[in-house]
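Same order as they appear, the protein sequences are chains A and B.
The first sequence: position 63 = 63 (this note's numbering), numbered continuously.
Position in the second sequence counted from 1, then plus 116, gives you this note's numbering.
These notes concern the structure reproduced below.
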Amino acid sequence: TQTVSQSDAHVTVFEGDSVELRCNYSYGGSIYLSWYIQHHGRGLQFLLKYYSGNPVVQGVNGFKAEFSKSDSSFHLRKASVHWSDSAVYFCAVSANTGANTGKLTFGHGTILRVHP
Amino acid sequence: GGIITQTPKFLIGQEGQKLTLKCQQNFNHDTMYWYRQDSGKGLRLIYYSITENDLQKGDLSEGYDASREKKSSFSLTVTSAQKNEMAVFLCASSPANTGQLYFGEGSKLTVL
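Below, the structure is given as structure tokens:
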């Protein structure tokens, strides 16, 4: 069984600031990690994923995340945020084992507020 | 590109009523999912289906039925609506054996 924890329920920054949204997971096997964004009243949209190779993965809109096996982490970062980045961000984990790969376990989400 | 269409967007029912949510996708994806999202919480998997006529239970399947009548559609039935299950239900699809899900905009359930 895999679990995922997002330690910050809310993060508030100003436009142009950098931001890091934290995600820690627990799972002993081959893992698939991803981040999703949810704007108010909308469905989730995929941002990026990691399952092997380079631990730093680039996503859409300048987002990137870094996988760390030693820290059991997959933190999301952006160098300079825009007000339109205000949304809820979900970290997700699954077992990278064929048909189970899409069976995601989600964190509770981090609400990012970007002040103009 | 494709789209996931969930109907209805808002569903109001009475306690004890049987209610059905529908989902259509035109990505031609093999796998489809139903997640429940409660306010301030993450998403929890109710049912998923890896191909037509397949059904797999998620962590929250009790009180729900699902049906994958054809590859493009996946419906979810709340067998007896309860007030504590007012939530947003999200349908998603993905290609086989990947974790990149494409979500619909959600169906908000209110139980009176």
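No residue lacks a Cβ here, since even glycine has one placed at the ideal position from N, Cα and C.
Just so it is clear, the structure is predicted and the values come from calculations on it, not from any experiment.
Residue(s) in a DSSP beta bridge with residue 148 of chain B: Here the question's residue 148 of chain B lines up with position 32 in the second sequence. Answer by DSSP bridge pairing, in chain order: B:165 and B:209.
Alpha-carbon to alpha-carbon, residue 65 of chain A and residue 59 of chain A: The residue labelled residue 59 of chain A in the question sits at position 59 within the first sequence. The residue labelled residue 65 of chain A in the question sits at position 65 within the first sequence. Distance between residue 59 of chain A and residue 65 of chain A, taken at the CA atoms: about 8 Å.
Whole-number beta carbon distance between residue 196 of chain B and residue 138 of chain B, since they are thought to touch under 8 Å: On the second sequence, position 22 is the one that residue 138 of chain B refers to. On the second sequence, position 80 is the one that residue 196 of chain B refers to. So it is not a contact: roughly 19 Å between Cβ atoms.
Close-in-space but distant-in-sequence residues of the same chain around residue 186 of chain B (CB under 8 Å, 5 per side omitted): The residue given as residue 186 of chain B occupies position 70 in the second sequence. Cβ neighbours of residue 186 of chain B beyond the five flanking positions: 168.
Within-9 Å CB hit, residue 157 of chain B to chain A: Walking along the second sequence from the start, residue 157 of chain B turns up at place 41. Using beta-carbon distances, residue 157 of chain B counts as an interface residue toward chain A, with a partner under 9 Å.
Residue range of the unbroken beta strand (DSSP E) whose run includes residue 25 of chain A: Within the first sequence, residue 25 of chain A is the residue found at index 25, counting from 1. Membership of residue 25 of chain A in the beta strand (DSSP E) is indicated by the continuous run 24-26.
Reference residue 84 of chain A; option with closest CA among A:37, A:7 and A:28: Stepping through the first sequence from its first residue, residue 84 of chain A is reached at position 84. Taking only the C-alpha atoms, the option nearest residue 84 of chain A is A:37.
For residue 136 of chain B, the residue or residues it bridges with in DSSP: Position 20 of the second sequence, counting from 1, holds the residue named residue 136 of chain B. For residue 136 of chain B, which the question treats as bridged, DSSP gives the partners B:193.
Chain-ordered neighbours of residue 128 of chain B on chain E, where CB pairs are closer than 9 Å: Among the chains of the structure shown, chain E does not appear; the protein chains present are A and B.
is_contact[residue 216 of chain B, chain A] using C-beta, thresh 9 Å: In the second sequence, the residue the question calls residue 216 of chain B occupies position 100. Taking Cβ atoms only, chain A reaches closer than 9 Å to residue 216 of chain B, which makes this a yes.
Neighbour-count burial assignment, residue 119 of chain B, 16 or more Cβ in a 10 Å radius: Along the second sequence, read from residue 1 onward, the residue named residue 119 of chain B stands at position 3. Looking at its Cβ environment, which holds fewer than 16 other Cβ atoms inside 10 Å, residue 119 of chain B is exposed.
Short Cβ contact (9 Å threshold) for residue 100 of chain A with residue 31 of chain A: For the purposes of this step, residue 100 of chain A is taken as residue 100 along the first sequence, with counting starting at 1. For the purposes of this step, residue 31 of chain A is taken as residue 31 along the first sequence, with counting starting at 1. Not in contact: residue 100 of chain A and residue 31 of chain A (Cβ atoms no closer than 9 Å).
Interface positions of the segment 135-159 of chain B facing chain A (Cβ-Cβ less than 9 Å), listed along the chain: Residues passing the 9 Å Cβ filter: 147, 149, 151, 153, 156, 157, 158 and 159.
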